[in-house]
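Structure first, commentary second.
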Amino acid sequence: MKNPNAIRPKAQELNETVRRPQDILKLKVGKVMAEPKFDGSFAYITRDRVTGQTVICTKDGNQLQLEPVVQNFICNHFAPLTEHFLFEAEVEPSPWTETNKVMLNGNLYTGKPMPFHIRLVVHDVLPMDEIEKPASRACERYALMRSLAGVADGVKLTQPYLWDKSERASIYITPCQELTPVEAAELFRKGWETGQAQKRVMVAGLPYEGIVLINPKSLHQAGRSNKWKVKPFHTVDIRVTELKEGHSGKVPLYEVHGYDTKTGDTAKITSGIGPEMFAAIKRAEQQYAAVVVEAEVSSLKDLKSANPTIIAVRYDKMGSPKQEPELV
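In the numbering used here, the protein residues as written are 8 to 335.
Printed below as a string of structure tokens:
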């Protein structure tokens, strides 16, 4: 359910034009903050301006409702802080698997228990008095986040730092390294070289979707000019407009038609759609006002000829369900 009273800033977005180590060298900054790109669902930890309660919501203001013991743990942890600060985070399963990710994303609003641990990783903090008028730089906000989490001065973080933990959930802050573009390019090159067999980028021995590079001097503002997502393969979000099902002899054929939610380019997808995936999309059409799927593509320049392959249904980008979905 959308909460119009959840305090939210204008959303920061990730620039996705950087794909290769040599592209990093073209960034016009002397230093970058390099962080792992976690593979979960984005969430604000903020407060309701009317009730004052701490809430977890998406960029669009859809309020998450996790398993009660997890929801209460997260909200109670941040309750003393959300009067003064808003946090940006990723909610993900632990251990991370594609199956666990899909299950969690499909139940962000149901309150159903999950058969795995929930991990929330905080990657930015914004003082509430800067929601309308940003003033602090990214490097200052990261220092503030370290301080709030109790990280000692001088301690370098290369792996997620545990802030709080319960039996069912844990809260971390993202590790961050300040590097030159040359150093960041080498970090990415080595990470992809080590993890490409699993389509992961390795950072300090742990697998991630990629890395995020941030201009340390940038303010918290809308747009794509200050943060870059460096991922070796392309993915796009497709808003589904039509489903088609047929047969060629005894072989079932499936088609998903839709458009890129960012560019509006249309696509017909036939790859990556088995009976289970097609059934999941059909169920989602009945349960959600809009259905979004994530597709891997060979190019971001021409979607029609980019051979898109469906990876997952993006329940976390579809708002609250019209009816309670089945546990997937």
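Yeah, the Cβ is synthetic: ideal placement off N, Cα and C, and Gly gets one too.
Residue i (DSSP reduced to helix, strand or coil)
{"i": "residue 203", "result": "helix"}
{"i": "residue 90", "result": "coil"}
{"i": "residue 84", "result": "helix"}
{"i": "residue 11", "result": "coil"}
{"i": "residue 183", "result": "coil"}
{"i": "residue 67", "result": "coil"}
{"i": "residue 326", "result": "coil"}
{"i": "residue 335", "result": "For residue 335, the predicted structure reports a pLDDT of 48, less than 50, and the residue's modelled location is therefore unreliable. A value from the coordinates is still provided. Residue 335 falls in the coil class under three-state DSSP."}
{"i": "residue 311", "result": "helix"}
{"i": "residue 145", "result": "helix"}
{"i": "residue 159", "result": "coil"}
{"i": "residue 111", "result": "helix"}
{"i": "residue 303", "result": "strand"}
{"i": "residue 237", "result": "strand"}
{"i": "residue 169", "result": "strand"}
{"i": "residue 28", "result": "helix"}
{"i": "residue 197", "result": "helix"}
Short Cβ contact (7 angstroms threshold) for residue i with residue j
{"i": "residue 152", "j": "residue 180", "result": "yes"}
{"i": "residue 214", "j": "residue 31", "result": "no"}
{"i": "residue 159", "j": "residue 98", "result": "no"}
{"i": "residue 327", "j": "residue 69", "result": "yes"}
{"i": "residue 85", "j": "residue 58", "result": "no"}
{"i": "residue 167", "j": "residue 199", "result": "no"}
{"i": "residue 242", "j": "residue 278", "result": "no"}
{"i": "residue 18", "j": "residue 53", "result": "no"}
{"i": "residue 25", "j": "residue 237", "result": "yes"}
{"i": "residue 28", "j": "residue 145", "result": "no"}
{"i": "residue 64", "j": "residue 114", "result": "no"}
{"i": "residue 201", "j": "residue 182", "result": "no"}
Residues that DSSP places opposite residue i in a beta bridge
{"i": "residue 230", "result": "19"}
{"i": "residue 209", "result": "214"}
{"i": "residue 137", "result": "According to DSSP, residue 137 bridges with nothing at all."}
{"i": "residue 53", "result": "62"}
{"i": "residue 40", "result": "185 and 221"}
{"i": "residue 131", "result": "95"}
{"i": "residue 317", "result": "302"}
{"i": "residue 375", "result": "Shown here, the chain extends from 8 to 335; a query on residue 375 therefore has no answer."}
{"i": "residue 48", "result": "98"}
- Message: As an exercise, report each continuous beta strand (DSSP E) stretch of at least 3 residues that is fully enclosed by the segment 240-295, in chain order.
- Response: Runs of beta strand (DSSP E) with 3 or more residues, each lying fully within the segment 240-295, are found at 241-255, 258-267 and 273-276, listed in chain order.
- Okay, do the segment 183-198 and the segment 101-112 touch, 3+ Cβ pairs below 8 angstroms being the bar? Here the segment 183-198 makes no contact with the segment 101-112; the two share fewer than three CB pairs at distances below 8 angstroms.
- Query: Three or more C-beta pairs closer than 8 angstroms, one from the segment 287-302 and one from the segment 241-248: is that the case here?
  - Reply: The segment 287-302, when compared against the segment 241-248, does touch it at the 8 angstroms Cβ threshold.
- Within the chosen definition, does the segment 33-43 reach the segment 209-227 through at least 3 CB pairs nearer than 8 angstroms? Counting C-beta pairs closer than 8 angstroms gives three or more between the segment 33-43 and the segment 209-227, which meets the contact rule.
- Task: Give a yes or no on contact between the segment 251-266 and the segment 225-242, applying the rule of three or more CB pairs nearer than 8 angstroms.
- Result: Touching, no.
- Message: Does the structure place the segment 75-92 close enough to the segment 115-127 that three or more beta carbon pairs sit under 8 angstroms?
- Response: Contact holds between the segment 115-127 and the segment 75-92, because three or more Cβ pairs, one in each stretch, are under 8 angstroms apart.
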